[in-house]
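I have placed the structure first, in the form of structure tokens, so that the comments after it can refer back to it.
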Amino acid sequence: MEAKFKIWETSRKIYLKIIENYSLEQLNKIPEGFSNNLAWNLGHIIVSQQGLVYRLSGLPMNISPEMMEKYKNGSKPTATTQEEINELKVLLFSLLEKTKEDYANGKFTSYNEFTTGTGFHLANIKDAMEFNNYHEGIHLGFMMNIRKFI
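Shown next as structure tokens:
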């Protein structure tokens, strides 16, 4: 699991570096040909991790229902405020640390098997964490493309 957490932490550092280099207007801009923006991708990876890891483990998520609704799979970007960006930046690492702590403390005792929309079958918490890293990598690629057009 240590390698999974290390990959996740490295990914989150890259996300933060990208976000810190753009204005709020740029973070909210949806370039022509794209269906979302940098801000939405940032929020989406946070809520997806909470759903994949916590909700499917039968544990309470560590985000608000409003945040889940705004950035869940299938949602459309709406204007994100600077306060929301600041909160998302904090959550990038606080939720990573919380998950590491909860894993070390044995809180993930069950998992509701799930097959993602792309066909990945998640049978347990380890599968969920591996898929989360894969998912975050996809969205990192989206963000790298979006930033070329803002």
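For the sequence shown, this note's numbering assigns the number 1 to the initial residue and increments by one for each residue that follows.
Cβ coordinates follow ideal geometry from the N, Cα and C atoms, glycine included.
Note that this is a predicted model, so its numbers are computed, not measured.
>> I need the straight-line Cα distance from Ile138 to Gln50, nearest angstrom please.
In response: Counting from one through the sequence shown, the residue named residue 138 turns up at place 138. Counting from one through the sequence shown, the residue named residue 50 turns up at place 50. In a straight line, the C-alpha of Ile138 is about 17 Å away from that of Gln50.
> With 16 as the cutoff for other CB atoms within 10 Å, does Asn105 come out buried or exposed?
Replying inline: As a position in the sequence shown, residue 105 is number 105, starting the count at 1. Exposed: under 16 other Cβ atoms inside 10 Å.
>> On a Cα-Cα basis, can you pick out the residue from Val47, Pro77, Ile146 and Leu52 that is closest to Ile63?
In response: Here residue 63 is taken as the residue at index 63 of the sequence shown, counted from 1. Nearest of Val47, Pro77, Ile146 and Leu52 to Ile63, Cα basis: Val47.
> When burial is assigned at 16 or more other CB atoms within 10 Å of the CB, is Ala39 buried or exposed?
Replying inline: As a working mapping, residue 39 is identified with position 39 in the sequence shown. So Ala39 ends up on the buried side.
> Would Ile19 pass as a contact of Leu42 if the rule is Cβ separation under 8 Å?
Replying inline: The count along the sequence shown starts at 1 and reaches residue 19 at position 19. The count along the sequence shown starts at 1 and reaches residue 42 at position 42. With respect to the 8 Å criterion, Ile19 and Leu42 are classified as neighbours on the basis of their beta carbons.
>> On a Cα-Cα basis, can you pick out the residue from Lys17, Phe108, Gly141 and His121 that is closest to Tyr54?
In response: Taking the sequence shown and counting its residues from 1, the one referred to as residue 54 is at position 54. The shortest C-alpha separation from Tyr54 is found at Phe108.
> So does the region 13–32 actually touch the region 75–85, counting three or more Cβ pairs closer than 8 Å?
Replying inline: yes
> Per DSSP, His121 is paired with what?
Replying inline: Residue mapping note: residue 121 aligns to position 121 of the sequence shown, counting from 1. In DSSP, His121 forms a bridge with Thr115.
>> In whole angstroms, give me the CA-to-CA distance for Leu16 and Glu97.
In response: Position 16 of the sequence shown holds residue 16. Position 97 of the sequence shown holds residue 97. As the crow flies, the alpha-carbon of Leu16 is around 15 Å from that of Glu97.
> Do you know whose CA, among Ala123, Gly117, Gly119 and Thr118, lies nearest Ser110's CA?
Replying inline: Your numbering for residue 110 matches position 110 in the sequence shown. The shortest C-alpha separation from Ser110 is found at Ala123.
>> Out of Lys89, Thr99, Ile146 and Val90, which one is the CA nearest neighbour of Pro60?
In response: Residue numbering aside, residue 60 sits at position 60 when the sequence shown is read from its first letter. It is Thr99.
>> Using the Cβ count rule (16 or more neighbours within 10 Å means buried), how would you classify Ser35?
In response: Along the sequence shown, one-based indexing puts residue 35 at 35. Only exposed fits Ser35, as fewer than 16 other CB atoms lie within 10 angstroms of its CB.
> Applying the criterion that 16 or more other CB atoms from any shown protein chain within 10 Å of the CB defines a buried residue, is Ser11 buried or exposed?
Replying inline: In the sequence shown, residue 11 corresponds to position 11, counting from 1. Counting Cβ neighbours within 10 Å, Ser11 comes out buried, since at least 16 surround it.
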